[in-house]
Amino acid sequence: MAYDRILLAHDQGLATLTLNAPDKLNAVSRKMIAEIKDCWETLAADSSVRAVLLTGAGRGFCAGADLSDPDREGGPTADSGAALDKFFNPVIRLMRSMPKPIVAAVNGPAAGVGMSFALASDIAIAARSATFLQAFARIGLLPDGGSTWFLPRMVGDQRARALAMLAPRITAEQAKAWGLIWDVVDDGALLATATDVARRLGDGPTLALARIKAALDKSSANQLSSQLDLERDFQRELGRSEDYREGVAAFLAKRKPVFKGK
Amino acid sequence: MRRDRMARLRGPCQSRPAMERTPVIVVREAGVLTLILNRPQRLNALNPALIEAVNHELARARDDHDIRAVLLTGVGRGFCAGADLADGGPGESGADGRPDLGAAMDRLFNPMIRNIRTLAKPVVAAVNGVAAGGGANLALACDIVLAARSARFDQAFVRISLMPDLGGTWFLPHIVGDARARALAMLGASLPAEEAERMGMVWQVLDDGLLMGEARELAAQLAAGPTLSYAAIKKAMNVAPTNTLDQQLDLERDSQRALGRSDDFREGVAAFLAKRAPRFVGR
């Protein structure tokens, strides 16, 4: 699939997906979400990709669904559920189930489902000038893209309800203080910092990182007893990996490990 | 002033001759149902009459389309001191002569918490003073909590050899995380409002003199908002803690589909594109 609304770059195991509709602060049109979905499918299946960096072109990260999209169905019979079923929900499921880490570099406003994309990433780093907004209630909707699930787990039930109902715009600093994102850096340093983190993860023990993703996803619905069993099973599996052998050897030899993701 | 407020009294308290004997003052105004706990001499401790009045009003609000938000607060120095331990306490006597606290939970306290959580409209708590025991957890059951700077949140239960109830053992870990929840419950900690805000139990702390004005404004704002959105958000947040992400994505799809057909969504999009303020009607 040729991409028109997104950019995809590869560099030694690190893929960079850039939302590219800067004149609309990267609002998600039907065309763009179809490309995003195709792109995540490709990246998930490509074993040469060991980490993904997600960011936006221009001043914005992602302004959420494009309400002025000519392809958008309008009117009273429009089915908001259909677009979620066909595009947005598969994208969130792909991001979470993909066995490699995703770093979001939030370079500007992240609103609506754009904020959901940041929350669905494994590690989100924001520019100091970035803002976060659960815009949905402002137009009579509820947060989607998994935000009704991410928010209470990240900020607790009370703040989650207020963020969803009152739809306040919050700063990157506030988002960090509340645990919505991992870090805030100066605008000029964002891309280099986020690329560095993504590169480090891309050079990391990919299988272990994948099992960390899976285990943390399960932890939110598991009982402790089930989670202990799951840790046992995953650890057993990782104990047979080449990267574990290399990690232990490097530790004992007091040198840096060279992981291959196997 | 007092006659004016008296004139607005509704519900089971209507026939009572004196304000002091009305356990809950009820005001309905511009889409907001305000419930003011009114046993100030007992720091608004929960007795059967008070809980029955709250439950009665919440049940009425459920079917009253003119009510689009609820504001809960207290008269005097306290928000709510929890179960009233005077007059024999909340325990109905069990078969062995010892109190049966479970019976009171079943009949009064738990229905109150369930009524708040399942009400399809936002509930705001204005915590004007101490919120202790069941009073603290009554506040946590509300969707948005504002607190006066002098207020305190006190999980007092262990001091009388009980455990947190009114949902406290569920709300606390979901709000402040497991480690803090265990400490708060076991130590019976009493938190100043600012500490509670830092832990995420309170959306906003306000100077005492500003609390009620801000709370009324917030409730009015919510009452003029997209009520169906708020209802869907409540429902989604209520089940989020036990859902998998997969189940929650399906739920968001179904709720968003329903909201996408609402009048308020059409208005919201039209207002957004025209760059004007939306006028929501709650349909």
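Chains X and F are the protein sequences, given in the same order. Note that our numbering gives residue 62 to position 62 of the first sequence, counting from 1, and the numbers run on in steps of one. Numbers given in our numbering equal positions in the second sequence, counted from 1, plus 1000. Backbone N, C-alpha and C fix where the C-beta goes; we use that ideal spot for every residue, glycine too. A quick note: this is a predicted structure, and the numbers were derived from the prediction, not measured.
>> Please report the straight-line C-alpha distance between R1000 of chain F and S226 of chain X, rounded to a whole angstrom.
In response: Nothing can be reported for residue 1000 of chain F: it is not among the residues displayed for chain F, which extend from 1001 to 1283.
> Interface residues of chain X around A1232 of chain F at Cβ under 7 Å?
Replying inline: Correct list: L142.
>> With a threshold of 8 Å between beta-carbons, can L1249 of chain F be considered close to chain X, or not?
In response: The Cβ of L1249 of chain F sits closer than 8 Å to at least one Cβ of chain X.
>> In the DSSP output, what is G156 of chain X paired with across the bridge?
In response: According to DSSP, G156 of chain X bridges with nothing at all.
> So G64 of chain X and L19 of chain X are in contact, right, with Cβ under 8 Å, and what is the actual spacing, rounded?
Replying inline: By a beta-carbon distance limit of 8 Å, G64 of chain X does not contact L19 of chain X. Their separation comes to about 11 Å.
> Are at least three pairs of beta-carbons, each pair with one atom in the segment 202-218 of chain X and one in the segment 130-145 of chain X, less than 8 Å apart?
Replying inline: no
> Can you tell me whether E1217 of chain F is buried or exposed, with buried defined as 16 or more other CB within 10 angstroms of its CB?
Replying inline: exposed
> Could you give the residue range of the alpha helix (DSSP H) that holds S226 of chain X?
Replying inline: L224 to L238
> Using the rule of at least 16 other Cβ atoms within 10 Å of the residue's Cβ for burial, across every protein chain shown, is A9 of chain X buried or exposed?
Replying inline: Burial call: exposed.
> Residues of chain X with CB under 7 Å from F1157 of chain F, in chain order?
Replying inline: Neighbours of F1157 of chain F on chain X: none; closest Cβ ~20 Å, over 7 Å.
>> So, at 6 Å on beta carbons, what are the nonlocal neighbours of L1222 of chain F in its own chain, with the 5 sequence-adjacent residues on each side left out?
In response: The beta carbon of L1222 of chain F lies closer than 6 Å to those of A1069 and P1122 in the same chain, with the five residues before and after it left out.
>> What does the Cβ neighbour count give for Q1041 of chain F, buried or exposed, with the cut at 16 atoms within 10 Å?
In response: By the beta-carbon neighbour count (other beta carbons within 10 angstroms, threshold 16), Q1041 of chain F is exposed.
>> Would S147 of chain X and Q158 of chain X be called neighbours here (beta carbons separated by less than 8 Å)?
In response: no
> What number of angstroms, rounded off, separates the C-alpha of D1254 of chain F from the C-alpha of I1113 of chain F?
Replying inline: 26 Å
>> I need the DSSP call for A15 of chain X, collapsed to helix, strand or coil.
In response: strand
>> Per the DSSP calculation, Q942 of chain F is bridged to which residue(s)?
In response: This structure cannot settle anything about residue 942 of chain F, because the visible part of chain F is limited to 1001 through 1283.
> Near A1139 of chain F, which residues of its chain fall below 6 Å by C-beta distance, leaving aside the five closest residues on each side in sequence?
Replying inline: A1125, V1127, A1131 and V1145
>> Given a cut-off of 8 Å on the beta-carbon distance, is the pair R169 of chain X and G108 of chain X in contact?
In response: no
> How long is the line joining the alpha carbons of G1011 of chain F and G1078 of chain F, rounded to whole angstroms?
Replying inline: At G1011 of chain F, the pLDDT of 41 sits below 50, so the modelled position is not reliable; the number obtained from the coordinates is stated separately. When rounded, the distance between both Cα atoms is 23 Å.
>> Quick check on DSSP: helix, strand or coil for L1046 of chain F?
In response: strand
> Does N89 of chain X have its Cβ less than 8 Å from a Cβ in chain F?
Replying inline: yes
> With DSSP run on the structure shown, which of helix, strand or coil describes H1174 of chain F?
Replying inline: helix
> Which whole-angstrom value describes the C-beta separation of V197 of chain X and I125 of chain X, a residue pair presumed to lie in contact below a C-beta threshold of 8 Å?
Replying inline: That belief holds up - the Cβ atoms of V197 of chain X and I125 of chain X are roughly 7 Å apart, short of 8 Å.
> According to a CB-to-CB cut-off of less than 8 Å, which residues of the segment 1158-1181 of chain F neighbour chain X?
Replying inline: F1171, H1174, I1175, V1176 and G1177
> For the alpha helix (DSSP H) that contains L1268 of chain F, what are its first and last residues?
Replying inline: Before going on, a small fix: residue 1268 of chain F reads as Gly here, not Leu. First-last of the alpha helix (DSSP H) with G1268 of chain F: D1263 to L1273.
> Beta-carbon of S1190 of chain F versus every beta-carbon of chain X: anything under 8 Å?
Replying inline: no
>> To the nearest angstrom, how far is the alpha carbon of F1157 of chain F from that of G1188 of chain F?
In response: 6 Å
> Span of the alpha helix (DSSP H) holding I33 of chain X?
Replying inline: R30 to A45
> Skipping 5 residues on each side, what residues in its chain have a beta carbon closer than 8 Å to that of M1212 of chain F?
Replying inline: T1073, A1126 and N1128
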